[in-house]
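Q:
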Ligand SMILES: Cc1ncc(COP(=O)(O)O)c(C=O)c1O
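Residue numbers (UniProt numbering): 1 to 411.
Structural data, given as C-alpha cells:
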C-alpha cells in the first residue's frame with residue numbers, strides 16, 4: 001500500500017489548517033472520506049436526485065443504484081444475498097427498530113445479554129425492549145487488565161431462557177476485538193440469537209457474516225470512509241420471520257419491509273464508492289471480483305495498522321504518566337484495532353484533547369457512549385478517556401508528532 005497515494009485521495013488529509021497539516025486520529029468517531037465518495041454523492045444529487053419507481057431516467061438510476069449498493073454491501077459483508085442488506089439512517093436507529101421487532105414475543109422469564117464492551121446503541125436498544133416485555137437483562141463485564149470481554153461470564157450466563165446476545169465485534173474505546181465466532185457458537189447451542197455491532201470493526205478488518213454465522217450484524221458507513229448511512233445484515237429466516245413495525249403500503253418483502261421512509265440515496269451512492277475505495281487498496285486488476293479485492297485490501301490495511309499499533313505502544317511505554325486501558329502486548333496485536341484509550345496523570349481528558357486540538361491534532365475525549373465500560377473502569381465521572389484512533393491513512397510520522405506533543409504537555 002503506497003501511503004502517499006492513499007493519502008492523496010483524501011482532501012481532508014491534504015489541507016493545511018493554520019499553516020500545518022492536521023492530524024486526524026479521530027477515526028473511531030468518524031473517518032475521513034476519499035474524493036471518489038464525494039464525487040459519487042455530488043454526481044447523484046447533481047444529476048439523478050429522485051425517488052424510486054418513477055417512469056423516467058433519474059428514477060431508473062435510483063433503482064439501479066440501490067441494487068448496486070446492496071451488492072456492494074453484500075460483497076463487503078460476504079452476505080449470501082442482496083435481499084439481506086437493510087439500509088437506514090444510522091446504526092442506532094436500526095438497532096432500535098430491530099430490537100422492537102425481535103422482542104415482540106419476549107416475556108417474563110426470557111433473558112437478554114448485553115456487554116460493558118459495547119457502545120450503548122447496542123445496549124439501550126435491547127435493554128429497553130427487554131424492560132417493555134419484563135425480560136431480564138444480564139450485563140457481561142470486561143477483564144480490566146486488558147479490556148477484553150469476560151467470555152467465561154458470558155458463557156456462564158447463557159441458558160435456554162436466553163433470547164439474544166448483543167455484542168460488539170470491537171470496542172470503539174479500547175480497540176479490543178471479541179471472539180464473535182465462539183460467542184455465536186455458544187449462543188446458538190442454547191437457541192439464542194446474536195446481534196453483532198461491527199461499527200468499530202468495519203474499517204479495520206474483513207467482515208464475513210457467513211463465517212461468523214451471526215444472526216444480525218450492523219455497521220455504519222461513516223466509520224469506513226463513507227457518509228452517514230446505517231446498515232444491517234440479517235439471516236434470511238429472521239428478516240422474513242420477525243415482523244417489523246412498518247408503513248402499511250410498503251411491500252412486505254425483504255429487505256423493503258425493514259426500511260423506513262426514503263433512504264439517503266446520495267449517501268448510499270457514497271457507500272458504494274467507499275467500498276470500491278477500500279477494494280482499490282488491493283491494487284488487483286479491474287476484473288477481479290470485488291470480494292477478492294476486499295480480502296486483499298483488508299490484509300494490507302491490517303499489516304499497516306499493526307505497524308502503527310506496534311509503534312504507538314512502543315513509544316507509549318516511554319511515558320510513565322500515561323495509562324493505557326486495553327491490550328498492550330505487542331504479541332497480541334491481532335486482537336486489537338489501532339484504537340487506544342488513555343488517561344494522563346493529573347490532566348483531565350478534555351485538557352489533553354484541547355491541547356492537541358490547538359495543534360490541529362484531532363482526538364476525542366469522553367466516554368463515546370461506551371458507558372458501561374467507562375463506569376467499570378472508573379473513569380466515567382473523570383471525563384472518560386483520551387481516545388487515539390488510527391486508520392490505514394495515518395502515518396508513523398503523525399504518531400511521532402503526537403508523542404512530541406505528549407512530551408510537551410507533560411514537561
Ligand atoms: C461501536 C459503535 N457502535 C455503534 C455506534 C453508533 O453508530 P451510529 O452513529 O451509526 O448510530 C457507534 C458510533 O460511534 C460506535 O462507535
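Each residue gets a CB set at the ideal place from its N, CA and C atoms; glycine is no exception.
Is it a yes or a no for the stretch 219 to 230 touching the stretch 29 to 47, going by three-plus beta-carbon pairs under 8 Å?
A: Enough Cβ pairs lie closer than 8 Å, so yes.
Q: Between residue 215 and residue 190, how many whole angstroms is the CB-CB distance? I'm expecting something under 8 Å.
A: In fact, because the Cβ distance is near 13 Å, the residues do not count as touching under 8 Å.
Q: Is DSSP giving residue 398 helix, strand or coil here?
A: Correct three-state label for residue 398: helix.
Q: Counting C-beta neighbours from all protein chains within 10 Å, is the total for residue 2 16 or more, i.e. buried, or is it exposed?
A: Label assigned to residue 2: exposed.
Q: What are the boundary residues of the beta strand (DSSP E) that residue 163 is part of?
A: Looking at the DSSP string, the run of the beta strand (DSSP E) that includes residue 163 is 162 to 168.
Q: Assuming contact is defined by CB atoms lying nearer than 8 Å, are residue 84 and residue 239 in contact in what I supplied?
A: In contact: residue 84 and residue 239 (Cβ atoms closer than 8 Å).
Q: For the alpha helix (DSSP H) that contains residue 126, what are its first and last residues?
A: Residue 126 -> alpha helix (DSSP H) spans 121 to 133.
Q: The beta strand (DSSP E) that contains residue 138, what's its start and end?
A: 136 to 140 is the extent of the beta strand (DSSP E) around residue 138.
Q: For residue 275, is the classification buried or exposed, using 16 other Cβ atoms within 10 angstroms of its Cβ as the cut-off for buried?
A: With 16 or more Cβ atoms within 10 Å of its Cβ, residue 275 is classed as buried.
Q: By Cβ distance below 6 Å, which residues in the same chain neighbour residue 61 in space, the five residues on each side in sequence not counted?
A: Correct list, in chain order: 48.
Q: Looking at the secondary structure, which residues open and close the alpha helix (DSSP H) in which residue 95 lies?
A: Where residue 95 is concerned, the enclosing alpha helix (DSSP H) stretches over 91 to 102.
Q: Sort 72, 309, 11 and 409 by Cα distance to residue 347 and report the nearest one.
A: Closest option to residue 347, Cα to Cα, is 409.
Q: Check for me: the beta strand (DSSP E) holding residue 439 runs from which residue to which?
A: Residue 439 is absent from the model: the chain starts at 1 and stops at 411.
Q: Can we count residue 215 as close to ligand 1, meaning its CB is less than 7 Å from some heavy atom?
A: Incorrect: residue 215 has no Cβ contact closer than 7 Å to ligand 1.
Q: Is the beta carbon of residue 41 less than 8 Å from the beta carbon of residue 266?
A: It is a contact, given that the beta carbons lie within the stated cut-off.
Q: Looking at ligand 1, does it come within less than 7 Å of residue 199, judged from the CB to the closest heavy atom?
A: Yes, Cβ of residue 199 sits closer than 7 Å to a heavy atom of ligand 1.
Q: Between the Cα of residue 150 and those of 241, 213, 373 and 402, spot the shortest distance and give me the residue it belongs to.
A: Ranking the options by Cα distance to residue 150, first place goes to 373.
Q: Taking Cβ to Cβ, would you say residue 334 is nearer than 8 Å to residue 173?
A: Cβ atoms of residue 334 and residue 173: not closer than 8 Å.
Q: Using a 10 Å radius around the Cβ and a threshold of 16 neighbouring Cβ atoms, would you call residue 95 buried or exposed?
A: It is buried - the Cβ of residue 95 has at least 16 other Cβ atoms within 10 Å.
Q: Compare the C-alpha of residue 291 against each of 9, 75 and 143 and name the closest.
A: It is 75 whose Cα lies nearest to the Cα of residue 291.
Q: With a threshold of 8 Å, are at least 3 pairs of Cβ atoms found where one atom belongs to the stretch 17 to 35 and the other to the stretch 359 to 368?
A: Yes, the stretch 17 to 35 touches the stretch 359 to 368.
Q: Can you give the Cα-Cα distance for residue 403 and residue 311, rounded to whole angstroms?
A: So the alpha carbons of these two residues sit roughly 11 Å apart.
Q: Identify every run of the beta strand (DSSP E) within the stretch 28 to 77, keeping only runs that are complete inside it and at least 3 residues long; order them along the chain.
A: None, since the stretch 28 to 77 contains no complete beta strand (DSSP E) of that length.
Q: Regarding residue 311 and ligand 1, is the C-beta to nearest heavy atom distance less than 7 Å?
A: No - ligand 1 has no heavy atom lying nearer than 7 Å to the Cβ of residue 311.
Q: Among 307, 313 and 170, which residue has its Cα nearest to the Cα of residue 336?
A: It is 170 whose Cα lies nearest to the Cα of residue 336.
Q: Identify every residue that forms a DSSP beta bridge with residue 379.
A: DSSP output for residue 379 lists no bridge partner at all.
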